[in-house]
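To start, the structure under review is shown below, and the notes come after it.
Residue numbers (the numbering used here): 35 to 117.
Laid out in structure tokens, this is it:
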């Protein structure tokens with residue numbers, strides 16, 4: 035079993051109103067060093083191992099998890115921790 039962590043963010047140049055609101059709020063709280071904030075999402079999947087796992091995850095991202103027009107993604111495959 036593998037854990038897959040997919041991170042999805044807006045592409046550079048796409049307006050991010052949530053990120054802008056966070057950046058402005060942090061600045062107003064005195065955190066003037068924050069020049070930009072971008073909001074994204076993290077999706078954790080637990081999947082069965084297979085020889086084409088990374089290709090299958092790319093398909094999942096392209097078909098459902100990310101909007102390729104405005105978003106980009108990256109992912110990490112890790113060993114699942116068994117308790």
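Even for Gly, the Cβ is constructed at its ideal location relative to N, Cα and C.
| Asked | Found |
| --- | --- |
| Whole angstroms are fine: how far does the CA of residue 40 sit from the CA of residue 114? | 15 angstroms |
| Taking 8 angstroms as the cut-off, decide whether the C-beta atoms of residue 37 and residue 78 are in contact. | yes |
| Answer yes if the segment 95-105 comes into contact with the segment 44-58, meaning at least three C-beta pairs across the two stretches below 8 angstroms, and no otherwise. | yes |
| Could you check where the alpha helix (DSSP H) with residue 36 kicks off and where it finishes? | Where residue 36 is concerned, there is no enclosing alpha helix (DSSP H), although the beta strand (DSSP E) it sits in stretches over 36-44. |
| Short of 8 angstroms in beta carbon distance, which residues of its chain neighbour residue 70, apart from the five on each side in sequence? Order them along the chain. | 53 and 57 |
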